[in-house]
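Asks: With our numbering applied, the sequence shown corresponds to residues 6 to 275, in that order.
Take a look at this one; I'll ask things after.
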Amino acid sequence: MKMTPHLNISQRLLTLGHPMVMGILNITPDSFYDGGKYTTEPAMLARAEQILNEGGDIIDVGAVSTRPGAIVCDEATELKAIEKAVQSIRTHFPEAVISVDTFRAAVARAAVQAGADIINDVSGGTFDEAMIPTIGELQVPYVLMHTPAMPDKMQQCTQYDDILADMLQYFGRQLEKLRDVYVHDIIIDPGFGFGKTVEQNYYLLDNLRVFKQLGFPLLIGISRKSMIYKPLNTTPENALEGTLAATKVALQNGADILRVHDVAATKALL
6 MKMTPHLNIS QRLLTLGHPM VMGILNITPD SFYDGGKYTT EPAMLARAEQ ILNEGGDIID
66 VGAVSTRPGA IVCDEATELK AIEKAVQSIR THFPEAVISV DTFRAAVARA AVQAGADIIN
126 DVSGGTFDEA MIPTIGELQV PYVLMHTPAM PDKMQQCTQY DDILADMLQY FGRQLEKLRD
186 VYVHDIIIDP GFGFGKTVEQ NYYLLDNLRV FKQLGFPLLI GISRKSMIYK PLNTTPENAL
246 EGTLAATKVA LQNGADILRV HDVAATKALL
């Protein structure tokens, strides 16, 4: 009998018996779609409330843009922004499940101390060697994503011998490191758009079930990305319909958590 996956969220069990929606809250000035919209506390709290009111299960807060070509801000700037944001969201929405999008161990630690429940690491522990040991100490759920390089270099790193085999080897290595520090609540993210061409992204979308063999929930982040809007010859602002079409394919191929900008539309799709 197959067991329903779950995550241990601050002594609560979050059951993944059905697809969950993670609403994106970028408090960055330069994210590719909504950069600069939520940099003030009132705007940030209004966005958090919108995610929850529209049925979002998780709020994913990010203070560093990791879009292709992005120049990453310094640690002190990220840490200050994340601490303030998480504390504010936790105060106003005490029951919310808060994820923090960071690849820095110090920011992860500060975020959890401020009230975050999940760490969402685009680097899968490869940008900061202290990250995986820190997650072991914190014992919080961890999103393990695949990327081959930092944002300013990743689109120069799209050459693979066999992309599925190479990614499975990567996940195997990082999962072993997580097991060594007794981290069990793990979510796998293939990292759409991170060191992948448009064609490679769609190949991964077609073959998502390969990653299910790793035995962990699967998070998909494709919302309004270039893999959607470039083939349509449009912009992120006009990529909702394409996003929903691709999201349907992701669901059919085993997605457990959907990281999205458009919570209400995604809930309607579900």
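Ideal Cβ placement from N, Cα and C applies to all residues, glycine included.
What span of residues does the alpha helix (DSSP H) with Gly220 cover, start to end?
Replies: That residue, Gly220, is in no alpha helix (DSSP H); it is neither H nor E in DSSP.
Asks: Check whether the region 222 to 233 and the region 166 to 186 are in contact - that is, three or more C-beta pairs closer than 8 Å.
Replies: no
Asks: Look at the alpha carbon of Glu100 and the alpha carbon of Thr71, and state the distance between them as a whole number of angstroms.
Replies: Each residue's alpha carbon lies about 28 Å from the other.
Asks: Would you kindly work out how many angstroms separate the C-alpha atoms of Gln164 and Lys201, rounded to a whole number?
Replies: 8 Å
Asks: Drop a sphere of 10 angstroms on the beta-carbon of Ala208, count the other beta-carbons inside from all chains shown, and report buried for 16 or more, exposed for fewer.
Replies: According to the sequence as given, residue 208 is Tyr; it is not Ala. That one is exposed.
Asks: So within the region 209 to 272, which uninterrupted alpha helix (DSSP H) runs reach at least 4 residues, ignoring any that extend past its ends?
Replies: 214 to 217, 231 to 234 and 245 to 257
Asks: Could you please give the first and the last residue of the uninterrupted beta strand (DSSP E) stretch that includes Thr20?
Replies: Arg17 to Thr20
Asks: Roughly how many angstroms lie between the CA atoms of Ala154 and Phe199, to the nearest whole one?
Replies: 8 Å
Asks: Considering Leu275, what are the terminal residues of the beta strand (DSSP E) in which it resides?
Replies: Looking at the DSSP string, Leu275 is not in any beta strand (DSSP E), and its letter there is neither H nor E.
Asks: Considering His189, what are the terminal residues of the beta strand (DSSP E) in which it resides?
Replies: Careful: His189 lies outside any beta strand (DSSP E) and carries neither H nor E.
Asks: Tell me whether the beta-carbon of Arg109 lies closer than 7 Å to the beta-carbon of Glu80.
Replies: yes
Asks: What is the residue span of the alpha helix (DSSP H) that Gly141 lies within?
Replies: Met136 to Leu143
Asks: Determine, using beta-carbon pairs with one atom in the region 186 to 196 and one in the region 230 to 243, whether at least three such pairs fall under 8 Å.
Replies: no
Asks: With DSSP as the reference, please indicate the residues paired to Gly28 in a beta bridge.
Replies: Ile64 and Val265
Asks: Going by DSSP in three states, Met150 sits in which element: helix, strand or coil?
Replies: strand
Asks: Is the beta carbon of Val102 closer than 7 Å to that of Thr271?
Replies: no
Asks: Alpha carbon to alpha carbon, what distance is there between Ala269 and Gly50?
Replies: Correcting the residue type first, residue 50 is Leu in the shown sequence and not Gly. Spanning the two alpha carbons is a distance of roughly 17 Å.
Asks: What is the DSSP secondary structure of Val105, reduced to helix, strand or coil?
Replies: strand
Asks: I need the boundaries of the beta strand (DSSP E) containing His11, first residue and last residue.
Replies: Unbroken beta strand (DSSP E) run through His11: His11 to Ile14.
Asks: Residues in its own chain within less than 7 Å of Arg214 by CB, not counting five upstream and five downstream?
Replies: Take Arg214, set aside five residues on each side of it, and the residues of its chain with a beta-carbon closer than 7 Å to its own are Asn258 and Gly259, in chain order.
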